[in-house]
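Accompanying notes for the structure given below.
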Amino acid sequence: MDLDDLIADQHGIVSRAQALAAGFSADKIRWLVGSGRWTRIHAHTYATVTGPLTFHAQVWAALLRAGPGAVASHRTAAYLGGLCDDPGPVIHVTVPADRYVGGKIDGVRVHYAHRLPRTRHPAATPARTRIDETVLDLVNIAPDPGDAEGWVTAACQRRLTTPKRLTGALARRKKIRWRGMVEAMLADIADGAQSPLELRHLHRVERAHGLPTGQRQRRVAGRRVIWIDVDYDEYHVRVELDGRVGHTGEGRFRDHRRDNRATVDGRATLRYGHADVYGKPCTVAAEQARVLRARGWTGTLRSCGSRCPATRPMIIKETGRPDTPIL
């Protein structure tokens, strides 16, 4: 490939080795840098354009500096692949574990991996890890379960991968942090749970308190197709879990219209947000149980632990809505 075409493909970045291979002499490279036509970005890595570097150009510079076989990975690969909207302050690259990248690279974090030939995307540029592997890389360095959960559900919500593909990639890894949790999450997502909020409701509200199993992400066709977050169809009770996305502006009015239609059809709709499900899961469980019992559920609400207030008597405010259980 002509050097000009190569530089264009690399968003204005070139390495010393590439320039030499194209016939440039060491003296010519020094002259280009000394005259300001090229700018040194990292050791033996140059920008041939002026002005601030684009993110893609920064990634190319990091990859060329890291050397043969290097790929963008972790949050950098996530941003390039559409998994997140913020690339973060550091560019992440992974290189084969059988070689070492000497010297500090400003603004770049270098990782090493034995499995890189299997995890590298076969065609994407700049070179990066496959989306399934990117998700698992991020899970492996997640500081807490919530962050790990967020990466997995974001990948599925954005339709970048599927639970089946992630499960396969997970099985190929000998060691990974949060393995048990991720395996359980993938099984739940395959059953219809779509977000951390929905997964939290499934585990901490429904299962922890012995509530009946709702049908998640149920598609209901009528004049318009609607989706129900959690549907207890036998008892004519629906639960809507409202995150920030999709429930403002027109989304908020669409939700109201859906709830009104459900009421007309004799169905009760309970609506909870993050503060409810994460902050007061036992109170949510007690409220759901009260509504489900009124509509025919004969099961037993159980305590999720020694301090669980769900099975204790509830204070009913003037609004008629159960509030905090009496402690």
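Here the sequence shown is numbered in UniProt numbering, starting from 1 and rising by one per residue. Backbone N, C-alpha and C fix where the C-beta goes; we use that ideal spot for every residue, glycine too. Being a predicted model, the structure only gives us computed values, none of them experimental.
{"Check": "Option in Trp-151, Pro-96 and Ala-123 with minimal Cα separation from Gly-82", "Outcome": "Trp-151"}
{"Check": "Contained beta strand (DSSP E) runs [length at least 3] in the stretch 87 to 140, N- to C-terminal order", "Outcome": "91 to 96 and 108 to 113"}
{"Check": "Cα-Cα separation between Val-71 and Pro-126, rounded to whole angstroms", "Outcome": "8 Å"}
{"Check": "Residues bridged to Trp-227 (per DSSP)", "Outcome": "Arg-219"}
{"Check": "DSSP beta-bridge partners of Glu-240", "Outcome": "Arg-271"}
{"Check": "At least three beta-carbon pairs within less than 8 Å, the stretch 211 to 220 to the stretch 164 to 174", "Outcome": "no"}
{"Check": "Span separating the alpha-carbon of Leu-202 from that of Thr-94", "Outcome": "36 Å"}
{"Check": "Check whether Leu-199 and His-274 have beta carbons under 8 Å apart", "Outcome": "no"}
{"Check": "Buried versus exposed call for Thr-76 [16 or more other C-beta atoms within 10 Å across all chains shown]", "Outcome": "buried"}
{"Check": "The beta strand (DSSP E) enclosing Ile-41, as first and last residue numbers", "Outcome": "39 to 42"}
{"Check": "Straight-line Cα distance separating Val-284 from Arg-307", "Outcome": "15 Å"}
{"Check": "Contact check, Tyr-235 vs Gly-296, beta carbons under 8 Å", "Outcome": "yes"}
{"Check": "Under 8 Å between C-beta atoms of Arg-16 and His-44", "Outcome": "yes"}
{"Check": "For Thr-45, the three-state DSSP class (helix, strand or coil)", "Outcome": "strand"}
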